[in-house]
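Q: Residue numbers (this note's numbering): 9 to 503.
Sharing a structure below in structure tokens format, with a few things to ask.
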Amino acid sequence: MRFSVTTSPIDKPKASLRAVALFHKRKLGIHGEALDQALDGRVAGVIKAGESDGDAGSTLLIPAPAKGAAGIVLVGLGPRKDFSRKSVRKACSALAKLLVERPADTVAIAVDDLLPPDQSIGWLVHTLVSAIGDAGYRFTTYKGKEEVKPVRLKTVILCVTEEQEAEAERACAEAEAILAGAQHTRDLGNAPPNVIYPEALAEDARELARKHKKLKATVLDEKELKKLGAGAILAVGQGSERPPRLIALEYSGAGKDDAPIVLVGKGITFDTGGISLKPGEAMDEMKYDMCGAATVLGVMKAVAELKLPLNVIGVVTSAENMPDGRACRPGDIITTMSGQTVEILNTDAEGRLVLCDALTWVERFKPKAVIDIATLTGACIVALGHQTSAVLGNNEELVDALKTAGIASHDRTWELPLWEEYQEQLKSNFADMANIGGRPAGTITAACFLSRFAEEYPWAHLDIAGVAWKSGKEKGATGRPVPLLMRYLLDQVAR
Ligand code: BES
Ligand code: MN
Ligand code: ZN
């Protein structure tokens, strides 16, 4: 799908559909009025007939009068007085749904009519592009041709005013790159766990580095991990036939002296729970336990495509958590790269183990900030559901920047406390710490564990267990939190 920006009026571009806003009381926007006049009152006629009330989230398609002419979509926005980001988001998803279901290949959208007072055209373009792009995503690699109904929409033309043009162009380019990054993340997440294993993630990183000059990939195998003393990553991976990997993808878009922002993704390519085996129900969804890693790779792709003037390093810490004769056991004590020892009381708390060595390893980059991204705890879903990720960290400015970026991108994150007192739950009788903190506050004690390995730099942790994929009929990766992290990085550029 291609998106482009134009200042020509809505009735001009060659298109199979034209979309205009419709408010309550059957009121068209400025561009809708102009289009209606160009069509000798055809639109107003349909509205007068009472076919649509213009409720927010409703759509009405007026079919093309003849072959080669354009159909018209009336996008409901509700009452003018409630014209806000909320009603526009609703309208954008309804429009997106209609567009990808129609046999139309080109649509022109009267964007200016969809812009609420006091909102930037950049925000609106981001919202439209991501709604339409997300709705048009399909994962069909393993489906027979007969069953797949392809999305016909190829070209989306955004009609804006001359004053809006420059900002709209910039936002459109950003939004397309973010979309491509998020789709990469979704593809990796949806791919089956017999195809995605640690070395496959390494290969994906190398592939990205081959495509983009400013990216450099480094892959550490189990021998190198042993040399580094990465006892925690190795312990998680030792039950699998497919050995663990620690992967770095370095993007240099700023000077050598500019400290990098480091992103660390949990890449458990399948989480059986290990010897502390998970129950069987929906265990297939534990293929998504690498969505943190997939997010990092998707973000790096978008960063490279946008050539951001920043230094960003994407790190993926990857293993497969399997039960086996060689697997680690509850009771095992391991020594992490940091030198701290951990008593593994539950082999299903493996995410924090692969992450802790990665957090130590990234000290070598002297980072300005480190953000880890992980499907870390089921407790996060209990606490926050599927609407928001959790953020915790040791640096208020960094946590606040992530919260702000989450609101701006509507890929929201909500802070949980990381108070000292919770650390006590990690006490072990035999090692420096245990890898679990008991039932209460599971998301917080997981972050407490990580915090002990992240003392050398400003750090934040995103628990994405509730947002990285959907279950049930719509099962599939969401691409979150690529939009949130890209907003954060773009905000850093603007600073
Ligand atoms: N990958 C899981 C967390 C998870 C579970 C995410 C379900 C999304 C849906 C993680 O490795 C895990 O198993 N965590 C345990 C930790 C517990 C043993 C302390 C959990 O949440 O039950
Ligand atoms: Mn687990
Ligand atoms: Zn896991």
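Glycine residues also receive a C-beta, built at the ideal position from the N, C-alpha and C atoms.
Just so we're clear, the structure is a prediction, and the values are computed from it rather than from any experiment.
Can T368 be considered in contact with ligand 1, in the sense that its beta carbon sits closer than 7 Å to one or more heavy atoms?
A: No, since every heavy atom of ligand 1 falls outside the 7 Å radius drawn around the Cβ of T368.
Q: I'd like to know if the segment 300 to 312 and the segment 179 to 195 are in contact, where contact means that at least 3 CB-CB pairs between them fall below 8 Å.
A: Yes, since at least three Cβ pairs between the segment 300 to 312 and the segment 179 to 195 fall closer than 8 Å, the two stretches touch.
Q: Would DSSP call T343 helix, strand or coil?
A: In the structure shown, T343 sits in a strand (DSSP, three-state: E or B).
Q: Would you call the segment 343 to 360 and the segment 254 to 272 touching, i.e. three or more CB-CB distances under 8 Å?
A: As far as the Cβ criterion goes, the segment 343 to 360 does not touch the segment 254 to 272, which means the pair count is below three.
Q: Look at I241 and I381 and say whether their C-beta atoms are less than 8 Å apart.
A: Not in contact: I241 and I381 (Cβ atoms no closer than 8 Å).
Q: Confirm, please, whether the CB-CB distance from F457 to L493 is below 8 Å.
A: No, the pair does not count as a contact, with Cβ atoms beyond the cut-off.
Q: Buried or exposed for L505, please, with buried defined as at least 16 other CB atoms from any protein chain shown within 10 angstroms of its CB.
A: With the chain represented from 9 up to 503, any question about residue 505 goes unanswered, as that position is not in the structure.
Q: Which one of I140, E177 and V164 has the shortest CA to CA distance from A128?
A: A small fix is needed here, since residue 128 is Ser in this sequence, not Ala. Per the Cα distances, E177.
Q: Bridge partners for M441 per DSSP, in chain order?
A: Answer is V350.
Q: For ligand 3, enumerate in chain order all residues having a CB closer than 5 Å to any of its heavy atoms.
A: Matched residues: I276, D279, D297 and G359.
Q: Could you pull the DSSP bridge partners for S526 from this structure?
A: Outside the shown range of the chain, which is 9 to 503, sits residue 526, and nothing can be said about it.
Q: Count Cβ pairs between the segment 161 to 168 and the segment 202 to 210 that sit closer than 8 Å; are there 3 or more?
A: These segments do not touch.
Q: Check each candidate in L316, I389, P317 and L400 and name the one with the smallest Cα separation from V378.
A: The shortest Cα separation from V378 among L316, I389, P317 and L400 belongs to L400.
Q: By the DSSP assignment, the alpha helix (DSSP H) with E232 in it spans what residues?
A: Element bounds for E232: E230 to L236.
Q: By Cβ distance, which residues of its chain are closer than 6 Å to A442, with the 5 residues on each side in sequence left out?
A: For A442, where only same-chain residues beyond five positions count, the Cβ hits under 6 Å are E351, L353, L434 and S436.
Q: Is it true that the CB of G487 sits closer than 8 Å to the CB of A526?
A: The chain is shown from 9 up to 503; residue 526 falls before or after that span and cannot be answered.
Q: Over the uninterrupted beta strand (DSSP E) stretch that includes R93, give me the two end residues.
A: That residue, R93, is in no beta strand (DSSP E); its alpha helix (DSSP H) goes R93 to E109.
Q: When you compare the CB positions of A413 and I321, do they come within less than 8 Å of one another, or not?
A: The answer is no: Cβ separation not under 8 Å.
Q: Looking at N443 and ligand 2, is the gap between the Cβ and the nearest heavy atom below 7 Å?
A: Not so, every heavy atom of ligand 2 lies at least 7 Å from the Cβ.
Q: Would you check whether ligand 1 has a heavy atom nearer than 7 Å to the C-beta of N354?
A: N354: yes, Cβ under 7 Å from ligand 1.
Q: Kindly indicate the opening and closing residues of the beta strand (DSSP E) around I80.
A: G79 to G86 is the span of the beta strand (DSSP E), which, as asked, contains I80.
Q: Roughly how many whole angstroms lie between the Cα atoms of A42 and V28?
A: When rounded, the distance between both Cα atoms is 10 Å.
Q: DSSP puts S260 in a beta bridge; with which residues?
A: According to DSSP, S260 bridges with N319.
Q: With which residues is A377 paired in a DSSP beta bridge?
A: A377 is bridged to I269.
Q: For the alpha helix (DSSP H) that F212 lies in, which residues bound it at each end?
A: It is Asp, not Phe, that sits at residue 212 in the sequence shown. Unbroken alpha helix (DSSP H) run through D212: P206 to K219.
Q: For N6, count neighbouring Cβ atoms within 10 angstroms of its own Cβ and tell me buried if that reaches 16, exposed if not.
A: Absent from the structure is residue 6, since the part of the chain shown begins at 9 and ends at 503.
Q: Can the beta-carbon of T451 be found less than 8 Å from the beta-carbon of A302?
A: Their beta carbons are not under 8 Å apart, which means T451 does not touch A302 by this criterion.
Q: Counting pairs of beta carbons, one from the segment 149 to 158 and one from the segment 114 to 126, are three or more of them closer than 8 Å?
A: Contact fails: fewer than three Cβ-Cβ distances are below 8 Å.
Q: Can you check whether the CB of A366 is closer than 8 Å to the CB of T304?
A: The sequence shown places Val at residue 304, rather than the Thr named in the question. Their beta carbons are not under 8 Å apart, which means V304 does not touch A366 by this criterion.
Q: So, with DSSP's three-state summary, where would you put P477?
A: It should be noted that the sequence gives Trp, not Pro, for residue 477. Three-state result, W477: strand.
Q: Since P252 contacts I283 with CB under 8 Å, what's their CB separation in whole angstroms?
A: Not a contact, Cβ separation roughly 17 Å.
Q: Is E482 helix, strand or coil when you go by DSSP?
A: Of the three classes helix, strand and coil, the one that applies to E482 here is helix, per DSSP.
Q: Determine the direct distance from the alpha carbon of G474 to that of Q431, and round the result to whole angstroms.
A: Spanning the two alpha carbons is a distance of roughly 24 Å.
Q: Hey, A454 and L384: beta-carbon distance below 8 Å or not?
A: Yes, the pair counts as a contact, with Cβ atoms nearer than the cut-off.
Q: Cβ atoms of R110 and L25: under 8 Å apart, would you say?
A: Contact: yes.
Q: Are there 16 or more other CB atoms within 10 angstroms of the CB of S459, so buried, or fewer, so exposed?
A: Buried is the call here.
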